[in-house]
Every structure is written in C-alpha cells, then in structure tokens.
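Engineer: Residues in the sequence shown are numbered from 2 upward in steps of one, following my numbering. Glycine included, C-beta positions come from ideal geometry on N, C-alpha and C.
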Amino acid sequence: MPPLHLLIKPASGACNLRCRYCFYHDEMENREQASYGIMSRETLENLVRKALERAQGHCTFAFQGGEPTLAGLDFFEELLKLEKKYNRKGLPIDHAIQTNGFALDEGWAKFFADNHFLVGLSLDGTRETHDSFRLDAAGKGTFQQVKRTAALFDRFGVEYNILTVVNAQTARRVQSIYNFYKKSGFRYLQFIPCLDPLGEAPGAREYSLTPAAYGEFLCRLFDLWYQDWMAGTPVSIRQFDNYIQMMLGYPPESCGMSGICARQNVVEADGGVYPCDFYVLDGYCLGNLNQCGFDEIEAKREALGFVEESKAVDADCRDCPWAPLCRGGCKRYREPRREDGSLRKNCFCQAYQKFFPYAIPRMEQIARQVSGRLARNRG
C-alpha cells in the first residue's frame, strides 16, 4: 500500500469563530447529526493504530475543523504517545494543522515548533477585509488575535503558511492584501475561492465570489507574484507554484488541481471516515474506524464511485485550450448538479478563461527558468 494521509477533525465542527462563509458549518446543517463532539481517546487510539498498520513509506496526520485546537493540547500530546506505541515499522510521520489562530498561547506555539507541525493560519488579508466575515462568537472581528498568533509563531520558530479565503471583499483588495502580507514577512500563501452553500445557486450571499471578480483577482495577484519572481524575491503562492510544476511535467500536489479526486480519508470525531472534506455528509460515510479497517473503507469507496465520478469531463472542457492546466477543477466547484444528477463544469470557468491566456506566457517563461536551474543543479 502507498503512504497514508488522514485529515482528522478532533473537535468535529466546533469552532470559537462564526465566519459567515464557513463551508463546514453548512455541511453540519446538512447531516443528521451536526456535531460529533470531541474525539475520544479510544477513537484516537484506533485511528493511530490502524493508520500505522496500513501505511507504507510514511504517514501524515493532518488536523482541521471547525477549530481542531478545541480538542486541547492534551489531545495532541496523547497523539504523539500513541504514535510511539504503534509505529512498529518506524515510518516517518508528518503533522499538519489548520487553525484560526484565535486563542493560541505560548504552549501551543512551543508544541508546534518542538514537534515540527506545519501550521496553516487562516487570515483574510488586512484588518478591513479579515474582519468583514471572520468574526468571534460575539460578532467582533478577530484580526488582532490572529496577528498576535503569527507573531507568536515567529518568535517560537513555527513553520506556517497563510490561508486566505477569496470572497467578495478580499477579491477587490488584492494589492493591499499582498503588500500587507509581504510587509508582515508572510512568504508562503494559499488563496482558496469561497464556496456558496450546498445546493444553492452561486452569487446570492454578501460574501459570494463571482467568476468575473475571481478572474480579475487571479490576474492582479499573478502580476504581483510575477513581478516579485523577476525581481528575485519570490513569494510562494500554492496555486501558481502548482501551475509551474505542471508545466514542468510533474503532477500537482493540490488535490483540486489534479482533474480527479484523490483517495482521501477525512476522519470525523466519532471515527467516521469520508472521501473528502467537502463531502462529510451522511450519504458519503465510508465506515467507522472504531468498527472496521481500511480494507472495508476502500471497498465502500469503490462501491460509492466517488473517485470515478470525478473523472467525468464536461462537454465544454473537451476542446478547451486551457484544459491541461485547469483539468476541470475540484469536484465541489462543479456543484450544484444538473437535474440529471451529473456534475456541471467548474463554477469559476469564466474566471479561468480570463486568467489562463493572460498569465500562461509568463508562466511558461518562469517554467523555462526553473527548468534551466534544475538542469544546472544536476550538473
């Protein structure tokens, strides 16, 4: 078997923020049991034991929510103890966590640094854009707390990147956000387009991101990224890095850019396993690690046809000149489905139709430079 990657929700969908665009809150409202509480030690032990028995080569435990740190620091310390107990093959184990950074202290920062957790810190740009939708339980903005956490991470040497949701506000202020990130020393960035609620036609919410706005955002962001690349001060933007990687003949590391769903294992707090973070819904449960193993989970995945369905190509995409880089995008961005149940084309198709012809000539230039450097390094 190949390496194993698990995305774990130790606090289910519980969160100390009330972000207006939260896709996982929407998922919770679309299943019979909204929250599964905090993961028990028994479930954690079953998860770790079965994962390390299954994995070959290496294993990754990644954590998300809700807000995963609500499970408590003791939970993660117990995780490390269980890994030592069950890692009988001596596998390398990677750790990652996505956090809103709202209530973390020095203890968390030290733990992440000491144990080499790669941390994704959610920040939606400047105070103005961040505080538009990322609110606490009292309805107040959370920008200042997240900036404090970033400073804490810097002080303790935590390896982290910034994850920004591209919504109606952030899309309009790309220059100020990018400049603010550079001034703050943030060099590793992810920008993820905002989703409308499940089954809802896009564009109706105050945070909704239109294809036109997203296309303009990508073009302006690329200009800034390209300028820094040519100046010898590159900033890592995951989406653009992946495009260069694809141009060089390598597969993208980002699942949503592959053109087919990866074989993911998203584990809810009760031990239930799902094929994707965007589909933690009753009809997509593959099994529960408290009752079954990965053989049964893989059999259910095949029976469900989740990965196979993602291979379907929309008729408009077959002759599209940008298909080799676009590849149809993430399955979730092809919802809501047509009346016959089939997936639509990517809801941001218009954005990519604008972006690719605008950026590809310069991406090809960068790809040639990278290829030349790689050749020189090989001697």
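1. Under the DSSP definition of a beta bridge, which residues are partnered with ASP271?
2. If we ignore side chains and look at the alpha-carbon of each, how far apart do TRP226 and ASN347 end up?
3. With DSSP as the reference, label ASP315 as helix, strand or coil.
4. Does the distance from the C-beta atom of ALA63 to that of MET40 stay below 8 Å?
5. Per DSSP, THR171 forms a beta bridge with which residues?
6. Taking ASP224 as the reference, give the member of PHE154, THR70, HIS6, PRO362 with the closest Cα.
7. Going by C-alpha distance, which of THR44, PHE24, LEU153 is nearest ASN289?
8. Would you decide whether LYS10 is buried or exposed? Buried here means 16 or more other CB atoms lie within 10 Å of its CB.
9. Just to confirm, are THR61 and ASP95 a CB contact at a threshold of 8 Å?
10. Based on the DSSP secondary-structure assignment, which residues constitute the bridge partners of THR100?
11. Which word fits LEU18, buried or exposed, when buried means at least 16 other C-beta atoms lie within 10 angstroms of its C-beta?
12. With distances taken Cα to Cα, identify the nearest neighbour of VAL120 among GLN191, GLN351, LEU305, GLN228.
13. Which full runs of the alpha helix (DSSP H) of 4+ residues lie inside the stretch 191 to 259, going along the chain?
14. Going by beta carbon distance, what residues of the same chain come within less than 6 Å of MET231, once the five residues before and after it are set aside?
15. May I ask which residues mark the beginning and end of the beta strand (DSSP E) holding LEU8?
16. Can you give me the Cβ contacts of ASP197 inside the same chain, cut-off strictly under 8 Å, excluding the 5 residues immediately before and after it?
Structural biologist: Let me lay it out:
1. Partner(s): none; ASP271 has no beta bridge.
2. 24 Å
3. coil
4. no
5. For THR171, which the question treats as bridged, DSSP gives no partner whatsoever.
6. PRO362
7. THR44
8. buried
9. yes
10. LEU122
11. buried
12. GLN191
13. 212 to 231, 239 to 248
14. none
15. 5 to 9
16. PRO203, GLY204, ALA205, ARG206, SER209
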